[in-house]
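Have a look at the structure below before the remarks.
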Amino acid sequence: MNWLDIVIIVLFTVLGLIGWKVGIIRAVVTLGGVVAGIVLAGQFYGALADLLGGFISSPNAASVAAFFIILMATVLAAIILGRVIRSFLKLLLMGWVDGVAGAAVGVVVAALLGGGLVAVLSAFSFAGLDRAVEGSLLGPLLRDKIGVVLALLPREFDRARQMLPLS
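Residue numbering for the sequence shown follows our numbering, starting at 21 and increasing by one per position.
Okay, here's the thing in structure tokens:
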């Protein structure tokens with residue numbers, strides 16, 4: 021076991037606990053709120069920017085402020101909705117399901133981040149960081165599962181693709 025194993029264990033533990041605390045409902049509803057907020061802000065920032073024009077002299081600043089206001093209002097509404105839904109689940113004694121599913125999502129996110137970390141350490145030989153992967157107990161486990169991560173990375177990571185044969 022080396023320092024990379026400790027980092028991976030901490031990553032999985034922290035993100036699993038955060039997932040448990042946040043729950044899948046709040047995470048998904050908040051993500052949906054961000055996407056909806058971007059769409060709504062993109063559609064309606066112009067009208068709000070015109071209204072803000074009386075208070076903000078720069079049209080560009082009014083547009084940025086309008087976009088931000090719409091985005092933040094939508095995300096806030098989604099956060100509130102997520103909390104209401106989670107409270108309802110707790111009343112139905114189903115809050116634990118939300119927490120367990122959230123923890124599972126947290127672990128998946130940790131696996132993706134850990135896979136990315138292993139890919140970076142393998143791709144860029146600096147200060148012996150690539151040897152940390154070779155000496156790690158958990159690095160090879162993630163290495164065998166990072167095909168999806170490597171597929172998302174640019175050409176600079178070809179060295180990692182060669183070093184980390186995918187099973």
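C-beta atoms are modelled at their ideal positions from N, C-alpha and C, and glycine is treated no differently. It should be emphasised that the depicted structure is a prediction, and the values quoted were computed from it without experimental measurement.
So, with DSSP's three-state summary, where would you put residue i?
| i | result |
| --- | --- |
| Ser78 | coil |
| Gly148 | coil |
| Met92 | helix |
| Val42 | helix |
| Ser187 | Its pLDDT being 47, under 50, Ser187 is placed unreliably in this model, and the value from its coordinates should be taken loosely. Coil at Ser187, not helix or strand. |
| Gly73 | coil |
| Leu137 | helix |
| Leu101 | helix |
| Leu35 | helix |
| Leu111 | helix |
Please name the residue, chosen from the options, that lies closest to residue i on a Cα-to-Cα basis.
| i | options | result |
| --- | --- | --- |
| Val125 | Ser78, Leu157, Phe64, Ala47 | Ala47 |
| Val120 | Val59, Pro79, Gly155, Lys41 | Lys41 |
| Ala93 | Gly122, Pro79, Thr33, Ile58 | Ile58 |
| Leu141 | Val153, Val30, Ala130, Ala131 | Val153 |
| Ala67 | Gly102, Ala85, Leu51 | Ala85 |
| Trp23 | Thr33, Pro160, Gly155 | Gly155 |
| Gly52 | Gly102, Leu112, Trp116 | Gly102 |
| Leu35 | Gly159, Gly134, Ala97, Asp150 | Gly134 |
| Ala123 | Leu31, Asp25, Leu37 | Leu37 |
Going by other Cβ atoms of all chains shown within 10 Å of its Cβ, with 16 needed for buried, is residue i buried or exposed?
| i | result |
| --- | --- |
| Asp70 | exposed |
| Ile28 | buried |
| Ser78 | exposed |
| Gly148 | exposed |
| Leu186 | Low local confidence applies: a pLDDT of 49 at Leu186 is under 50, so the model's placement there is unreliable, with the coordinate-based value given in what follows. Leu186 comes out exposed. |
| Ala190 | Nothing about residue 190 can be reported from this structure: the residues present for the chain run from 21 to 187 only. |
| Ile45 | buried |
| Ile90 | buried |
Could you give the residue range of the alpha helix (DSSP H) that holds residue i?
| i | result |
| --- | --- |
| Leu157 | Here Leu157 belongs to no alpha helix (DSSP H), and DSSP marks it neither H nor E. |
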